[in-house]
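Residue numbers (my numbering), protein chains in the order written: chain A, 39 to 427; chain B, 510 to 895. All residues carry an ideal CB built from backbone N, CA and C; glycine is no exception. Remarks on the structure that follows.
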Amino acid sequence: MYALEGLRLIDFGQYLAGPFGPMILGDLGMEVIKVEPVAGDGMRMAATPFLGCQRGKRDIALNVKDPLGHELALRLVGTADAVHHNMTKGTATRLGLDYDACRAVKADVVYCNTYAYGLNGPLSEFGGLDPLYQASAGLEHEAGAVPHGHDPLYYRYGMCDTSNAMLSVVGVLAALYHRQRTGEGQELWTSLMDGATVFASDVVVHEDGTPSVRPKLDAAQRGFDAGYRLYETNDGWVQVAAIRKDRWSALCATLGVDASRDRALVEEALEAAFRTRTAVMWSHALDDAGVPNEVARQVNGGEALLFDADVERLGLVADYEHPILGRLRQFGTTIDFSDTPGHINGPPPRVGEDTRAILDELGYSGAEMDDLRAGGVVTWPDESYPWGW
Amino acid sequence: MPGALDGVRILDLTWGAAGALGVLLLAEQGTDTLKVEPPGGDPFRSYDGYKVWTRSRRAVQVDLKAEAGQRAFHRLVETADVVVESFRPGVADRLGVGYAACAATNPRLVYCSVPAWPEGHRFADRAGYDALVQAAAGQQWEQPGWRPGPIFLAMPMPSMGTIYLVASGVLAALIARESTGRGQHVRTSLLQGVLLYTTQIWQYIEKADAAVYGLMAKTNPPGVHQGMIFECADREFVHISVMSGKTPTKTLDEILDVEALPAAEVEGLLPLEAQNLMNVRRREAFKAWKRDELVAELIANNQIGEAVVTPEEQFEHPQLQANDMAVRVEDRELGSVTQMGVPIHLLGTPGAIVGPQPAVGEHDAEVFGDLGYSADEIAQITGGRR
Numbered sequence: 039m040y041a042l043e044g045l046r047l048i049d050f051g052q053y054l055a056g057p058f059g060p061m062i063l064g065d066l067g068m069e070v071i072k073v074e075p076v077a078g079d080g081m082r083m084a085a086t087p088f089l090g091c092q093r094g095k096r097d098i099a100l101n102v103k104d105p106l107g108h109e110l111a112l113r114l115v116g117t118a119d120a121v122h123h124n125m126t127k128g129t130a131t132r133l134g135l136d137y138d139a140c141r142a143v144k145a146d147v148v149y150c151n152t153y154a155y156g157l158n159g160p161l162s163e164f165g166g167l168d169p170l171y172q173a174s175a176g177l178e179h180e181a182g183a184v185p186h187g188h189d190p191l192y193y194r195y196g197m198c199d200t201s202n203a204m205l206s207v208v209g210v211l212a213a214l215y216h217r218q219r220t221g222e223g224q225e226l227w228t229s230l231m232d233g234a235t236v237f238a239s240d241v242v243v244h245e246d247g248t249p250s251v252r253p254k255l256d257a258a259q260r261g262f263d264a265g266y267r268l269y270e271t272n273d274g275w276v277q278v279a280a281i282r283k284d285r286w287s288a289l290c291a292t293l294g295v296d297a298s299r300d301r302a303l304v305e306e307a308l309e310a311a312f313r314t315r316t317a318v319m320w321s322h323a324l325d326d327a328g329v330p331n332e333v334a335r336q337v338n339g340g341e342a343l344l345f346d347a348d349v350e351r352l353g354l355v356a357d358y359e360h361p362i363l364g365r366l367r368q369f370g371t372t373i374d375f376s377d378t379p380g381h382i383n384g385p386p387p388r389v390g391e392d393t394r395a396i397l398d399e400l401g402y403s404g405a406e407m408d409d410l411r412a413g414g415v416v417t418w419p420d421e422s423y424p425w426g427w
Numbered sequence: 510m511p512g513a514l515d516g517v518r519i520l521d522l523t524w525g526a527a528g529a530l531g532v533l534l535l536a537e538q539g540t541d542t543l544k545v546e547p548p549g550g551d552p553f554r555s556y557d558g559y560k561v562w563t564r565s566r567r568a569v570q571v572d573l574k575a576e577a578g579q580r581a582f583h584r585l586v587e588t589a590d591v592v593v594e595s596f597r598p599g600v601a602d603r604l605g606v607g608y609a610a611c612a613a614t615n616p617r618l619v620y621c622s623v624p625a626w627p628e629g630h631r632f633a634d635r636a637g638y639d640a641l642v643q644a645a646a647g648q649q650w651e652q653p654g655w656r657p658g659p660i661f662l663a664m665p666m667p668s669m670g671t672i673y674l675v676a677s678g679v680l681a682a683l684i685a686r687e688s689t690g691r692g693q694h695v696r697t698s699l700l701q702g703v704l705l706y707t708t709q710i711w712q713y714i715e716k717a718d719a720a721v722y723g724l725m726a727k728t729n730p731p732g733v734h735q736g737m738i739f740e741c742a743d744r745e746f747v748h749i750s751v752m753s754g755k756t757p758t759k760t761l762d763e764i765l766d767v768e769a770l771p772a773a774e775v776e777g778l779l780p781l782e783a784q785n786l787m788n789v790r791r792r793e794a795f796k797a798w799k800r801d802e803l804v805a806e807l808i809a810n811n812q813i814g815e816a817v818v819t820p821e822e823q824f825e826h827p828q829l830q831a832n833d834m835a836v837r838v839e840d841r842e843l844g845s846v847t848q849m850g851v852p853i854h855l856l857g858t859p860g861a862i863v864g865p866q867p868a869v870g871e872h873d874a875e876v877f878g879d880l881g882y883s884a885d886e887i888a889q890i891t892g893g894r895r
């Protein structure tokens with residue numbers, strides 16, 4: 039049995055901050071049905087972002103703006119435990135798919151909207167992309183070391199989308215647990231903006247407006263402090279974490295640096311000493327001295343990590359055969375369960391991959407399916423499939 | 510109104526960001542949360558940000574190296590639904606508070622382990638500070654910066670992925686427990702937190718062509734989104750989004766008063782290349798604008814951009830203020846301070862901040878008194894002297 043076995047979620051989301059959460063819920067054993075526009079999810083224009091948040095889903099390609107398509111969408115909602123999407127505020131109401139519409143066909147539904155700016159406030163009806171919130175939460179200012187004269191720097195992981203999605207995973211699970219115990223569904227929301235603020239949630243501002251002291255990145259983007267930073271060696275870099283006083287002393291002793299001088303001078307001496315040997319040599323010497331450290335590894339677009347022997351052996355990657363792309367490898371289960379293991383239900387679907395199977399389950403005949411397709415209400419892949427994935 | 514997780518009791522044995530903040534996501538949806546610390550407290554307490562991450566819980570000291578402490582911990586386990594711990598693999602077992610021992614005490618217990626490296630990984634016995642995981646997992650090399658080589662991620666990204674795996678793993682196991690009647694061992698790690706944030710960029714695709722990888726590739730200078738950061742007057746910056754979810758009433762170039770590129774110059778370029786070429790023209794125009802005035806002008810025209818602020822300035826944003834995400838908390842040491850609110854908004858069972866970070870041992874007498882321990886016994890459990 040999977041942890042969330044027997045639960046079904048209808049995913050009306052597109053791009054990233056909507057679809058990523060349902061994918062993770064699918065990994066936990068939920069049945070996820072992606073309701074995709076007949077013309078395709080807007081994210082299909084970019085392969086890796088799209089493929090990275092769709093695996094394991096069943097896919098029905100459905101025009102929810104068509105009356106027949108709308109009726110079909112609500113029939114699906116009627117079979118579901120949860121509904122999830124990232125439409126901008128007001129869109130679900132215009133489409134007849136808001137909480138009230140869904141609750142009317144499924145009284146105890148858990149209904150989650152992942153917004154850009156959140157439910158309330160002057161910008162609540164705006165959409166937005168991850169970079170806006172890397173800006174708004176101060177992440178880019180900090181990452182670029184702007185106080186040292188640099189420009190702000192965007193983190194290319196795009197993790198505010200993921201944060202929004204993961205907040206929604208936690209929220210949906212909390213609401214489902216509440217529903218299990220009380221029989222009550224509810225509506226919930228998360229946002230990209232809040233997801234970004236979580237990443238800078240160690241900020242504390244005093245009553246007089248002065249912030250508490252937080253570690254700051256140095257001009258060369260190596261770290262926070264002489265004891266917690268990257269050092270360049272004669273062939274690569276070593277990250278050290280000599281935060282405890284005894285470890286700082288051991289770091290200096292290992293590098294042959296007099297720790298009693300001014301800290302800035304000690305740091306310069308450490309830099310010079312690190313350059314005299316290789317990263318692996320220093321790493322082993324630091325290990326022997328009990329100083330936490332790692333060699334910074336080059337993973338070449340992630341490949342070295344995805345094909346790392348331990349990562350493979352521990353089941354941290356997932357492999358599937360995609361009908362167009364061939365072999366596909368991505369990160370695997372992110373949580374291990376001793377009693378209810380995780381589960382990845384196949385590759386990212388093509389547009390309408392499961393349209394016919396889902397319509398069949400709803401009782402439609404083959405002729406009715408063909409009519410719906412001819413009317414542009416649904417579609418499924420055939421020889422003229424236009425997408426590369 | 511009770512929260513969604515009302516009645517769930519969590520014992521939080523963790524140190525560091527991943528466990529503390531993961532537990533916070535649950536604590537503020539209504540769990541009864543006990544931070545269980547060694548005598549004298551968790552060493553991460555010296556960090557001010559930890560006051561946010563460890564709020565909304567009570568705090569007790571337990572000396573797990575003493576028999577009295579271990580026994581008392583198991584008395585707590587009898588009353589608990591969830592234990593979360595962040596020791597290196599094997600350490601909790603040696604302390605007598607590992608999964609097997611706790612499950613023997615309480616078979617309904619959901620026990621969540623969140624070390625830096627998963628059990629069985631060759632690094633499992635190594636120290637697990639966030640930046641060490643960034644380095645060894647390749648996140649630093651994959652981030653472009655202002656010089657070649659690995660870039661230190663100021664945001665603790667592995668931990669900030671893992672917080673969600675802790676919270677969702679615990680909840681999924683609680684949901685499963687309603688069917689199975691049993692608890693279980695839930696395991697995640699900072700390494701899995703790294704993997705969580707790789708979805709847009711780290712994949713192996715057998716039949717991918719160059720374009721598949723091109724859009725999201727690591728480039729120096731950094732690519733698609735970095736190019737939309739612009740310097741305004743007074744060396745302030747703005748990040749412009751290419752979509753606002755609304756129909757703009759003026760284009761960006763109309764607002765900036767910049768002329769489009771001649772068709773001949775754009776011919777044959779990819780959209781991203783054309784955008785980058787156009788951005789070169791725009792850069793001078795941006796410098797004529799004061800940042801906040803430009804952001805207001807963008808919004809007035811259904812375009813969207815955000816001021817690149819410092820982390821300390823984020824709470825001034827009207828959206829955080831409108832959504833209870835910039836809140837006042839009476840901290841025991843710092844007094845009245847502004848912090849992040851509750852970032853998961855359940856409308857039927859709203860979450861809430863339960864209280865500020867508790868002092869070390871603040872609830873020793875209350876919690877162990879409730880279990881019937883005498884003052885002498887409490888002193889032994891908590892490593893104190895009488």
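CA-to-CA, the gap between Glu-774 (chain B) and Glu-763 (chain B) works out to about 20 angstroms.
What Pro-659 (chain B) touches in chain A, judged by beta-carbon distance under 7 angstroms, is Leu-268, Trp-275, Ala-334, going in chain order. No Cβ-Cβ contact shorter than 8 angstroms links Pro-667 (chain B) with Leu-618 (chain B).
Leaving aside the five residues that flank Arg-584 (chain B) on each side, the residues in its chain whose CB is nearer than 8 angstroms to its CB run, in chain order, Leu-880. Of the residues assessed, Leu-303 (chain A) falls on the exposed side of the cut-off, its CB having fewer than 16 other CB atoms within 10 angstroms. Assigned with DSSP and collapsed to three states, Asp-136 (chain A) falls in coil, not helix or strand. Secondary structure note for Tyr-673 (chain B): its alpha helix (DSSP H) is the uninterrupted segment 666-689.
Within chain B, the residues Gln-828, Ala-831, Asn-832, Asp-833 have their CB atoms less than 9 angstroms from the CB of Asn-158 (chain A), given in chain order. Taking C-beta separations shorter than 8 angstroms and ignoring five residues to either side along the sequence, the partners of Leu-114 (chain A) in its chain run Ile-48, Ile-71, Val-73, Ile-98, Ile-396, Leu-400, following chain order. The beta carbon of His-872 (chain B) sits closer than 7 angstroms to those of Arg-567, Ala-568, Val-569, all from its chain and outside the five residues before and after it, given in chain order.
For Leu-214 (chain A), the enclosing alpha helix (DSSP H) stretches over residues 197-220. Residue environment: Thr-235 (chain A) is assigned as buried (16 or more neighbouring CB atoms within 10 Å of its CB, all protein chains considered). Distance from the CA of Arg-219 (chain A) to the CA of Val-148 (chain A), rounded to the nearest whole angstrom, comes to 14 angstroms. No Cβ of chain B is located within less than 8 angstroms of the beta carbon of Gly-56 (chain A).
Taking a Cβ-Cβ threshold of 8 angstroms, none of the residues of chain B is close to Phe-50 (chain A); the smallest such distance is about 16 angstroms. By the criterion of a C-beta distance shorter than 7 angstroms, Gln-889 (chain B) is surrounded in its chain by Ala-575, Ala-577, once the five residues flanking it on both sides are discounted. Contact between Val-333 (chain A) and Gly-274 (chain A) holds: CB atoms are separated by about 6 angstroms, below the 8 angstroms threshold. Here DSSP, grouped into helix, strand and coil, assigns Ala-99 (chain A) to strand. Gln-570 (chain B) is bridged by DSSP to B:Glu-546. Exclusion of the five residues before and after Ser-321 (chain A) leaves Val-276, Asn-331, Glu-332, Val-333 as the residues of its chain whose Cβ lies within less than 8 angstroms of its Cβ. The C-alpha of Leu-230 (chain A) lies about 14 angstroms from the C-alpha of Met-669 (chain B). Between Val-593 (chain B) and Thr-671 (chain B), the beta carbon gap of about 11 angstroms keeps them out of contact (Cβ cut-off 8 angstroms). About 30 angstroms separates the beta carbons of Asp-572 (chain B) and Gly-539 (chain B), which is beyond the 8 angstroms limit, so they are not a contact pair. Thr-756 (chain B) counts as exposed, since fewer than 16 other C-beta atoms from the protein chains shown sit within 10 angstroms of its C-beta. When C-beta distances to chain A are compared with 7 angstroms, the residues of the region 534-560 of chain B below that value are Leu-534, Gln-538, Asp-557, Gly-558, Lys-560, in chain order. Judged by beta-carbon spacing, Pro-387 (chain A) lies beyond the 8 angstroms limit of Tyr-40 (chain A), meaning their Cβ atoms are not closer than that value. Counting the other CB atoms within 10 Å of its CB gives Met-81 (chain A) a total of 16 or more, which places it among the buried residues. Annotation for Gly-78 (chain A): Val-389, Trp-425 place their beta carbon closer than 7 angstroms to its own, counting only its chain and skipping 5 residues before and after.
For Asn-151 (chain A), DSSP records a beta bridge to A:His-123, A:Trp-227. Those residues of the region 76-104 of chain A placed with their C-beta closer than 7 angstroms to a C-beta in chain B are Ala-84, Ala-85, Thr-86, Pro-87, Leu-89, Gly-90, Cys-91, ordered along the chain.
Counting only residues of its own chain and dropping the five nearest sequence neighbours on each side, Val-243 (chain A) has a CB closer than 8 angstroms to the CB of Pro-249, Ser-250. As DSSP reads the structure, Pro-249 (chain A) sits in a beta bridge with A:Val-243.
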